[in-house]
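J.:
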Amino acid sequence: MLPLLKQILDNFNFDIDADKTREENGEEVIRSAALLAGAVAVEPLPFADLLLITPLQLKMVLHIGKIHGFDISVERAREIVQELGATIAYGMLARQVMRGLAKLALPVVGGLITAPAVYGWTYALGRLAERYFEQKRLGLPFDQRQQAQVVQEAKQKTKNILPSASDFSDLAAELRRRAEERGKSKPGETKTVDAAPVDLSKDTAKTETADPSKLN
């Protein structure tokens, strides 16, 4: 699992584009993180997504913070994820456990069922983090009512940008391939492994086979 985690995090590096607005940079970060999180959920390992997605979400919050001028620590990012995640966590853990059990019975199907919900969960968390840093930059509060509104807006937005099942499975397969190549390398061995990040910029606006109702 460690090679896969490293491969996922290696494919989520972000440089702020000075030609884009904060909102545009933030959208790129959030959608990339959500796509990677959905790909992780496709993995047939039961409950692997719960273990792998947290580091990805932490890195997403770190990137969003930098976009808004806040260079925070990993520990502070973890606190923010825990604080904001409480707004969208109601019922999510139970659903993740049920989907983890589904992977035990039907690994491939269970993963494809989980991916849209994980995408929506990560996207909503990213939107919350973005508003959190925006309000903090302006010296304004960000109360629970505002947080709930952001989550509802994120749910509606996700229904229009949710990638297809093939987008998730194709990315998962590529990440798995690279992780396996990395895992085959022995200590001290020089081996050529494709180190270029997987392209996350493809159009993911299709809703081919994903069911938006899984986001509720």
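By the numbering used here, the letter at position 199 of the sequence shown is numbered 1443, and the numbering carries on one by one without gaps.
The beta-carbon is built from N, C-alpha and C at its ideal position, and this holds for glycine as well.
(1) Alpha carbon to alpha carbon, how far is N1404 from A1423?
(2) Is there contact here, the region 1411-1426 with the region 1372-1380, by at least three beta-carbon pairs under 8 Å?
(3) I'd like to check one pair, L1369 with N1255: are the Cβ atoms closer than 8 Å?
(4) Expressed to the nearest angstrom, what Euclidean distance is found between the alpha-carbon atoms of V1362 and L1279?
(5) Apart from the five residues on each side of it in sequence, which residues of its chain come closer than 7 Å, Cβ to Cβ, to G1313?
(6) Between the alpha carbons of A1398 and S1276, how many angstroms are there, rounded?
(7) What do you reckon, is the C-beta of I1316 under 7 Å from a heavy atom of the ligand ZN?
(8) Buried or exposed for P1385, please, with buried defined as at least 16 other CB atoms from any protein chain shown within 10 angstroms of its CB.
(9) When the Cα atoms are used, what is the spatial distance from A1283 to A1416?
(10) With DSSP run on the structure shown, which of helix, strand or coil describes E1287?
(11) May I ask which residues mark the beginning and end of the alpha helix (DSSP H) holding I1405?
T.: This is what the structure gives:
(1) Your numbering for residue 1404 matches position 160 in the sequence shown. Your numbering for residue 1423 matches position 179 in the sequence shown. Those two C-alpha atoms are separated by around 31 Å.
(2) Segment contact: the region 1411-1426 against the region 1372-1380, fewer than three CB-CB distances shorter than 8 Å; contact not assigned.
(3) Residue mapping note: residue 1255 aligns to position 11 of the sequence shown, counting from 1. Residue mapping note: residue 1369 aligns to position 125 of the sequence shown, counting from 1. With contacts defined as CB atoms closer than 8 Å, N1255 and L1369 fail to qualify as a contacting pair.
(4) As a position in the sequence shown, residue 1362 is number 118, starting the count at 1. As a position in the sequence shown, residue 1279 is number 35, starting the count at 1. A direct Cα-Cα distance of roughly 9 Å separates V1362 from L1279.
(5) For the purposes of this step, residue 1313 is identified with residue 69 of the sequence shown, where counting begins at 1. Only R1381 meet the Cβ criterion.
(6) Reading the sequence shown from its first residue, position 154 is the one you call residue 1398. Reading the sequence shown from its first residue, position 32 is the one you call residue 1276. Taking the straight line from one Cα to the other gives about 15 Å.
(7) As far as ligands go, the structure on display features none, and thus does not contain the ligand ZN.
(8) Along the sequence shown, read from residue 1 onward, the residue named residue 1385 stands at position 141. Counting the other CB atoms within 10 Å of its CB gives P1385 a total below 16, which places it among the exposed residues.
(9) By 1-based counting over the sequence shown, the position of residue 1283 is 39. By 1-based counting over the sequence shown, the position of residue 1416 is 172. The alpha-carbon atoms of A1283 and A1416 are separated by roughly 5 Å.
(10) The residue labelled residue 1287 in the question sits at position 43 within the sequence shown. If DSSP states are grouped into helix, strand and coil, E1287 belongs with coil.
(11) Within the sequence shown, residue 1405 is the residue found at index 161, counting from 1. Element bounds for I1405: 1388-1405.
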